[in-house]
Amino acid sequence: MDDKKNIILAVLLTAAILFGWPYVSQHFFPAANPPVTKIEGGKTTAVAGAGANPAVDSAAAIRDRAIVLRESPRVAIRTPKLIGSINLKGARIDDIILPTYKETIAKDSPDVRLYSPSGTQDAYFAGFGWQGEGLKAPTKDTLWTASGKELTPTSPVTLTWNNGAGQLFEIRLSVDENYMISATQKVSNSGAGMIGVKPYAYISRTGIPKDPDTWTIHIGPMGVFNGAANYDVNYKDLDKGPSTQSFQSKGGWIGFTDKYWLSALVPGPQADFAGQFRKGEGVQYQADVALGSTMLPPGKAASQTLRLFVGAKEVKTLQAYERGGVTLFDRAIDWGWFYWFEQPIFALLHWLFETLGNFGFAIICLTFVVRGLMFPVAQRQFSSMAAMRAVQPKMKALQEKYKDDKPKLQQEMMELYKKEKVNPLAGCLPIFIQIPIFFALYKVLQLTIEMRHQPFVLWIKDLSAPDPMHILNLFGLLPFTPPSFLAIGVLALLLGISMYFQFKLNPAQMDPMQQQIFSIMPWMMMFIMAPFAAGLLVYWITNNCLSMAQQWWLYKRHPVLSAATAK
């Protein structure tokens, strides 16, 4: 009995380490990541000059988006993955729609809208500017002139503005086939004196995403500074103060990450920059970048280039940008400490999905692959279980003989294990392997946009969401939605049933308490797993069915263990 308690304890500890370690490490071991140069509060390098401040917009009355878009001249943006426009007033990119993604799974669902102008609901936009002492720089009210009417992958657009004091400002914009916009900020000095210019760029947003920031998924301000991903700043930090958190970095990027979307400013790979997260009025937040200052004599020009990513966090797209020089860009997806394990699981699952064309079938095939790899382990597990069952009478005799001498009992039990060549923990190995695989699949389903809104069969239209077919409201016939802890769907019920029969195939436990635990565990798991993504339940149900088939086959090879199941 003590050995079985140790086994159960080992399983619980393994689960606690895998699921709890990211939280513990984040709060108690933050030095695991390389340090960054952080500047608190007012000590930050200034990114604002008089009349050229990328300040967080002040609160404005919320108006209809279509009306706001018509109020200023615009340049259209049109690419395979981006549709929107550039506001010539203030040189803002404040209108971005992702035509390849829908808000919901409904047929008439609108496309995902990521950017929206200031003064509209959930305003979200990016802009570019300059600062400099004695420099008449453009402001948010400056009206720019565009060289073309449409920005496409094959037709860049240059915005120009002459300040009337001898300086010409230009922003040359280009865009690729995905989500990256490049901006080259150029200043030409035809005035009589030397000027100092420092370009900046910013991303401003109003409101907090609906998806919460949790210990498993970071949502909010983030960046990569000096070669390390930083998830330490969130909206609550900026709300509590200080209202500005700043970083000095060489290379990297800074922005806002949502569950599936990212908006980030990306200086050059070797560029020194000052990055900031700032809080404005209400729920207004900003990330901005200031590049190096340049002294510009008469007759000279200076330019700096940075990029703006605005789009979906597609794994392959982020990895391609990373190979192109954007440091740790794939960490915009918060893989966590086990990214080294989660990414191969994602890669295999995504390959199966592309091959089969159905994400549910891909999950089922992944389960077959996992069970196939674990088949030799399962054989050793069953051999160990059979051996343990065979020595049960001897173990019981030792327990009776040394029931008042625990140290002696443990010593004799160890001798028995050694003599009979059995290992009481061998049967737990498949469980230890399954837990990280299950956690990796959980993270993949939660994080990767490739799995978003992917259907399976029948009523399962989105495997990244919970099963919508609830039993308590008679599968939608009754007009109410059960609370999450009672939202038992068909998949959760199948999970409980399959786990029940799987446990029935296991040898009967000698300890009555353990028998009770194993008898109620399937139904407990049914309630616990019901709110999880349907894809996880598909994986677990398939795994249970394969486990039962494997047990049935292996029982034929171990008659002693097979007979024990009937007791």
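Last residue of the sequence shown: number 552 in the numbering used here, and the count goes up by one each step with no gaps. The C-beta atom is built at its ideal place from N, Cα and C for all residues, glycine as well. Remember, it's a predicted structure, so these values are computed and weren't measured experimentally.
Item to complete: Drop a sphere of 10 angstroms on the beta-carbon of I473, count the other beta-carbons inside from all chains shown, and report buried for 16 or more, exposed for fewer.
Response: That one is buried.
Discussion item. Checking the sheet assignment: what are the DSSP bridge partners for E155?
Written reply: Beta-bridge annotation (DSSP): E155 is paired with T145, K171.
Worksheet item: Which of helix, strand or coil does DSSP assign to T89?
Response: In the structure shown, T89 sits in coil (DSSP, three-state: anything other than H, G, I, E or B).
Fill in: Cα-Cα separation between W537 and S504, rounded to whole angstroms
In this model, W537 and S504 are separated by some 20 Å (Cα to Cα).
Fill in: N-terminal and C-terminal residue of the alpha helix (DSSP H) that G321 is part of
From DSSP, G321 is part of no alpha helix (DSSP H); its letter is neither H nor E.
Worksheet entry | Extent of the continuous beta strand (DSSP E) run through G237 | DSSP places G237 inside the beta strand (DSSP E), whose first and last residues are 237 to 242.
Worksheet item: Taking G104 as the reference, which of A46, M514, G112 has the closest Cα?
Response: Measuring from the Cα of G104, the nearest candidate turns out to be A46.
Item to complete: Return the CA-CA distance between G208 and S532, expressed in angstroms with no decimal places.
Response: In a straight line, the C-alpha of G208 is about 43 Å away from that of S532.
Worksheet item: For Y485, which residues of its own chain have a beta-carbon under 7 Å away from its beta-carbon, when the five flanking residues on both sides are left out?
Response: Taking C-beta separations shorter than 7 Å and ignoring five residues to either side along the sequence, the partners of Y485 in its chain run P507, following chain order.
Practice prompt. Check V407 in the structure and name its three-state DSSP category.
Written response: Correct three-state label for V407: coil.
Worksheet item: Does the Cβ-Cβ distance between F441 and G309 come in under 8 Å?
Response: Result no, Cβ atoms of F441 and G309 do not sit closer than 8 Å.
Fill in: beta-carbon T302 near the ligand MG non-hydrogen atom, thresh 7 Å
Annotation note on the ligand MG: not contained in the displayed structure, which lists no ligands.
Practice prompt. Could you pull out every unbroken beta strand (DSSP E) segment of at least 3 residues lying fully inside the region 275 to 354, listed in chain order?
Written response: Within the region 275 to 354, the complete beta strand (DSSP E) segments of 3 residues or longer fall at 279 to 281, 286 to 297, listed in chain order.
Worksheet item: Taking the C-alpha atoms as reference points, what is the distance between C530 and Q271?
Response: If I take the Cα positions, the gap works out to 50 Å.
Worksheet item: Got a sec? Which residues, its chain only, sit under 8 Å from A35 by beta carbon, not counting five neighbours each side?
Response: Only weak support exists for where A35 lies, its pLDDT of 31 falling under 50; the value from the coordinates is given anyway. Counting only Cβ-Cβ distances below 8 Å, and skipping sequence neighbours, we find nothing.
Worksheet item: Cβ of I318 within 8 Å of Cβ of T143?
Response: By the CB criterion at 8 Å, I318 and T143 fall outside the cutoff.
Practice prompt. From the DSSP output, read off the bridge partner residues of Q269.
Written response: Answer is T191, bridged to Q269.
Worksheet entry | Where L67 sits in the DSSP three-state scheme | L67: coil per DSSP, three-state reduction.
Item to complete: Note down the Cα distance separating K298 from A150, rounded to an integer number of angstroms.
Response: If you take the alpha carbons of K298 and A150, they lie about 43 Å apart.
Worksheet item: Quick one: what does DSSP say Y8 is sitting in, helix, strand or coil?
Response: At Y8, the pLDDT of 39 sits below 50, so the modelled position is not reliable; the number obtained from the coordinates is stated separately. Here Y8 sits in helix by DSSP.
Worksheet item: Count the other CB atoms within 10 Å of the CB of L459; is the residue buried (16 or more) or exposed (fewer)?
Response: Here L459 is exposed. Its C-beta has fewer than 16 other C-beta atoms within 10 Å.
Item to complete: Can you tell me which of the three DSSP states A382 falls into?
Response: Three-state result, A382: helix.
Worksheet item: Which residues does DSSP pair with S449 in a beta bridge?
Response: Paired residues: none, contrary to the question.
Discussion item. So, at 7 Å on beta carbons, what are the nonlocal neighbours of P138 in its own chain, with the 5 sequence-adjacent residues on each side left out?
Written reply: T64, V160, D161, E162.
Worksheet item: So F98 is in the alpha helix (DSSP H); what residue range does that whole segment cover?
Response: First, the residue type needs correcting, since residue 98 is Arg and not Phe in the sequence shown. Boundaries for R98: no alpha helix (DSSP H) harbours it, while the beta strand (DSSP E) harbouring it runs 96 to 100, taken from the DSSP string.
Worksheet item: Taking Cβ to Cβ, would you say A76 is nearer than 8 Å to P141?
Response: Note that the C-beta distance between A76 and P141 is not below 8 Å.
Worksheet entry | Distance, M165 Cα to W322 Cα | In this structure, the alpha-carbon of W322 lies about 28 Å from that of M165.
Worksheet item: Hey, how far is the Cα of F210 from the Cα of I445?
Response: Spanning the alpha carbons of F210 and I445 requires a straight line of approximately 41 Å.
Worksheet item: So, are the CB atoms of V429 and L334 less than 8 Å apart?
Response: For V429 and L334, yes; Cβs fall inside 8 Å.
Discussion item. Using a Cβ-Cβ cutoff of less than 8 Å, which residues in the same chain neighbour K121 once the five nearest sequence positions on both sides are dropped?
Written reply: Around K121, the same chain offers G36, N148, G149, A150, Q152 as residues with beta carbons nearer than 8 Å, after the five sequence neighbours per side are excluded.
Worksheet entry | K171 beta carbon less than 8 Å from that of S554 | There is no way to answer for residue 554, as the model of the chain reaches only from -14 to 552.
Worksheet item: With DSSP run on the structure shown, which of helix, strand or coil describes F262?
Response: If DSSP states are grouped into helix, strand and coil, F262 belongs with the strands.
Discussion item. Need the endpoints of the beta strand (DSSP E) that S116 sits in, please.
Written reply: Reading the sequence as shown, one finds Gln at residue 116 and not Ser. It spans 109 to 116 - the beta strand (DSSP E) in which Q116 sits, taken as one unbroken run.
Practice prompt. Note down the Cα distance separating D315 from L99, rounded to an integer number of angstroms.
Written response: Approximately 20 Å between the Cα atoms of the pair.
Worksheet item: Can the beta-carbon of L276 be found closer than 8 Å to that of L291?
Response: Going by C-beta atoms, L276 is nearer than 8 Å to L291.
Discussion item. Using CA atoms only, rank isn't needed, just tell me which of M511, P468, I456, L463 is closest to I482.
Written reply: The shortest C-alpha separation from I482 is found at M511.
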